[in-house]
Amino acid sequence: MLPFVVQRSAVFRLAFVGCADLILLFGVAVFPWATSSAVASPVGDNLRSNREPISFSSGSWELAPELRRELPASLLPLQGQLSPTTRTRLAGRHSWDRFVSDSRLAPICLTISPVTTDGIRVGHQVRAVFALRMSLAHLNNEQEEAEPLGLGLARGCGSYRLLTTTELTEVGLKSSGRQDERFVLVELTLLNRIRVSGTVHIVRQSTADSIKLIWAFDHRFDSQPDLRTTASRIDSTELGERVIGPAEPYDGGFGVVIARELPQPGDTPADPPLVIVESRLAFAEPEDWFGGSNLLRAKIPLITQEGVRTLRRQISAE
501 MLPFVVQRSA VFRLAFVGCA DLILLFGVAV FPWATSSAVA SPVGDNLRSN REPISFSSGS
561 WELAPELRRE LPASLLPLQG QLSPTTRTRL AGRHSWDRFV SDSRLAPICL TISPVTTDGI
621 RVGHQVRAVF ALRMSLAHLN NEQEEAEPLG LGLARGCGSY RLLTTTELTE VGLKSSGRQD
681 ERFVLVELTL LNRIRVSGTV HIVRQSTADS IKLIWAFDHR FDSQPDLRTT ASRIDSTELG
741 ERVIGPAEPY DGGFGVVIAR ELPQPGDTPA DPPLVIVESR LAFAEPEDWF GGSNLLRAKI
801 PLITQEGVRT LRRQISAE
């Protein structure tokens, strides 16, 4: 199990909002943001793999060598008031008042689309939009004391750690003093059936009323046996013991998470602030993971609901 330090601040949970079983989808697990100096040279909005440049301003990423897809356009503007049309699109089939209600059970607007090539599904696109009743200052609080934890101890399905300066140097990356970029080695288990491991590149952009997190499995590290992006099947023996199969190359995925605090004219001190979160991502699902079935697709809504409710509960307890 990989050791790591987790920051209590809720903003880090937004890198992968959901649950640890599907950390590559939304994950409530927290990436430790301010506890290491091992960061890379400035890259702005661009994250690069060993295949071709990836511009997150356009939201494009290569899920497979022969495939290039774009994330769906964001529904959440980073500036200005939300128009009635925008509110309707964000809330989906729910009323705006219900969508932003101060409840752990407030609705989540979720859209799942297949990524296909030559008529064959090779992955998924997922968008989740939900409301948090808290201030962005609280969400972005980085001053709380970090504590050593293990995701395996908390959820039993994964772990992660920051890459060291030496590990970055081995693939040609230089350390700098930036606090808005991280490289994290992730190990996670999907539905107790698939073990995924790889290096995830995360960039954060912040304004006075918004946070944007961009993440991607980074294939520049595929030349490093312990840092490359791989997936392994998990089987069981007749005695019920878990057996992890050989690690195979995995195309990974990427995503963008936006959290924006909305101005609320006429609020009273008793009214909780409102933050809207939009998570968009795309990830590959090899056919042999679940035999081409819809098992993973069918689990995404339940896992997302569980993760967002857990996040809301944790926020209300802080």
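Just so we're aligned, residue 501 is where the sequence shown starts under the numbering used here, counting upward by one. We put the CB at the ideal spot given by N, CA and C, even for glycine.
CB contact flag (residue i, residue j, <8 Å)
i: residue 663; j: residue 696; result: no
i: residue 721; j: residue 671; result: yes
i: residue 748; j: residue 723; result: no
i: residue 775; j: residue 761; result: yes
i: residue 624; j: residue 809; result: no
i: residue 602; j: residue 763; result: no
i: residue 710; j: residue 578; result: yes
Cα-Cα separation, residue i to residue j
i: residue 572; j: residue 780; result: 7 Å
i: residue 686; j: residue 714; result: 16 Å
i: residue 523; j: residue 580; result: Bear in mind that the predicted position of residue 523 carries a pLDDT of just 38, short of 50, making it too unreliable to give a figure here.
i: residue 585; j: residue 667; result: 47 Å
i: residue 805; j: residue 813; result: 12 Å
i: residue 606; j: residue 598; result: 7 Å
i: residue 627; j: residue 754; result: 12 Å
i: residue 501; j: residue 707; result: Confidence at residue 501 is low in this model, with a pLDDT of 32, below 50, so the placement of that residue should be treated as unreliable; the coordinate-derived value is given next. Using only the alpha carbons, I get a separation of about 35 Å.
i: residue 576; j: residue 590; result: 7 Å
i: residue 582; j: residue 778; result: 14 Å
i: residue 726; j: residue 698; result: 8 Å
i: residue 803; j: residue 661; result: 23 Å
i: residue 738; j: residue 745; result: 16 Å
i: residue 740; j: residue 799; result: 24 Å
i: residue 593; j: residue 807; result: 21 Å
i: residue 665; j: residue 675; result: 6 Å
i: residue 637; j: residue 679; result: 17 Å
i: residue 574; j: residue 615; result: 18 Å
i: residue 608; j: residue 734; result: 31 Å
i: residue 694; j: residue 756; result: 24 Å
i: residue 669; j: residue 795; result: 40 Å
Closest residue to residue i among the options (Cα-Cα distance)
i: residue 633; options: 619, 626, 600; result: 600
i: residue 690; options: 678, 740, 602, 752; result: 752
i: residue 788; options: 702, 620, 603; result: 620
i: residue 692; options: 790, 588, 583; result: 790
i: residue 596; options: 603, 587, 604; result: 587
i: residue 729; options: 738, 740, 710, 688; result: 688
i: residue 673; options: 709, 701, 618, 661; result: 701
i: residue 783; options: 622, 734, 608; result: 622
Same chain, Cβ closer than 8 Å to residue i, neighbours up to 5 away in sequence not counted
i: residue 736; result: 742, 743
i: residue 604; result: 809, 812, 813, 816
Contacting residues, own chain, Cβ-Cβ under 7 Å from residue i (five flanking each side not counted)
i: residue 801; result: 610
i: residue 550; result: With a pLDDT of 38 at residue 550, under the threshold of 50, the modelled position of that residue is not reliable, and the figure given next carries that caveat. Excluding positions up to five away in sequence, the list reads 719, 720, 722.
Residue span of the alpha helix (DSSP H) that contains residue i, given as start and end
i: residue 807; result: 795-817
i: residue 591; result: 584-591
i: residue 683; result: Premise fails: residue 683 lies in the beta strand (DSSP E), 681-690, not in any alpha helix (DSSP H).
i: residue 668; result: 665-669
Close-in-space but distant-in-sequence residues of the same chain around residue i (CB under 6 Å, 5 per side omitted)
i: residue 712; result: 705, 758
i: residue 703; result: 681, 714
i: residue 613; result: 625
i: residue 750; result: 729, 730, 731
i: residue 635; result: 773
The beta strand (DSSP E) enclosing residue i, as first and last residue numbers
i: residue 735; result: 730-736
i: residue 780; result: 774-784
i: residue 617; result: 609-617
i: residue 599; result: Element bounds for residue 599: not the beta strand (DSSP E) but the alpha helix (DSSP H), 596-599.
i: residue 761; result: 753-762
i: residue 603; result: Per DSSP, residue 603 belongs to no beta strand (DSSP E) and is neither H nor E.
i: residue 623; result: 620-632
i: residue 716; result: 710-717
i: residue 698; result: 694-706
i: residue 742; result: 742-744
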